[in-house]
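Numbering (full-length UniProt numbering), first residue to last: 1 to 235.
Note that beta-carbon positions come from the ideal geometry of N, C-alpha and C, so glycine has one too.
Structure record follows, encoded as structure tokens.
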């Protein structure tokens with residue numbers, strides 16, 4: 001089956017956490033809004049009636065529609081034998097995916113702390129205060145949690161010797177944070193050796209290398225979740 005992935009076409013955003021699993025797993029998919037446009041995505045979403053996704057990303061598999069990144073990843077893992085099979089491990093990985101979603105929401109709130117629909121320049125002063133607090137307290141707390149998770153099993157990946165969706169998510173988190181906060185992430189570089197090693201291992205997977213070098217990987221930019229504004233960074 002070739003899946004249809006619907007997400008905003010010009011940003012990595014939350015859709016990238018799904019794309020990385022699809023790409024690393026060699027799973028066939030069409031990135032539909034990139035080929036058909038945003039209007040087609042909005043029309044498709046509206047046509048799904050009362051069970052429509054609240055927002056992209058969502059994945060279509062025949063008559064099944066799955067939204068929310070953590071649920072999409074769980075769905076793909078179960079269908080394609082990605083990651084562990086035992087129930088406790090599956091739900092632990094899902095728990096970590098939900099924690100990633102919490103971090104992503106906080107990252108976005110750094111540059112839009114007052115109004116997510118207003119321009120960054122309209123809330124720059126508040127964003128500078130939010131960024132200082134996030135860099136000092138919240139960022140180390142999240143990274144420390146994921147660093148500990150990487151020590152729970154024998155092997156390079158969170159669940160052990162096989163990668164799963166959470167490894168792709170943590171790769172994307174590190175990549176995004178290095179883009180958003182290069183100074184802060186450089187200052188913290190030695191504090192999370194497992195995360196740094198995981199990033200390098202995922203980046204070296206042949207399917208990921210091919211994806212990162214392709215035009216399917218949209219560059220980070222100041223329209224996405226991870227945005228680099230120099231005034232929000234610091235040691």
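Looking at the DSSP output, residue 30 bridges to 4. In the assembly as shown, residue 34 is a buried residue. Its beta-carbon has 16 or more other beta-carbons within 10 Å. For residue 218, no alpha helix (DSSP H) encloses it, and the DSSP letter there is neither H nor E. Taking 8 Å as the upper bound for CB-CB distance, residue 147 and residue 183 are not in contact here, some 20 Å apart. By alpha-carbon distance to residue 48, the top candidate from 133, 64, 228 is 64. The Cβ neighbour count for residue 119, taken over all protein chains shown within 10 Å, is under 16; the residue is labelled exposed.
Across the structure, residue 186 and residue 89 are spaced so that their CA atoms are roughly 32 Å apart. For residue 192, there is no enclosing beta strand (DSSP E), since its DSSP letter is neither H nor E. For the pair residue 56 and residue 6, the CB atoms are nearer than the 8 Å cut-off.
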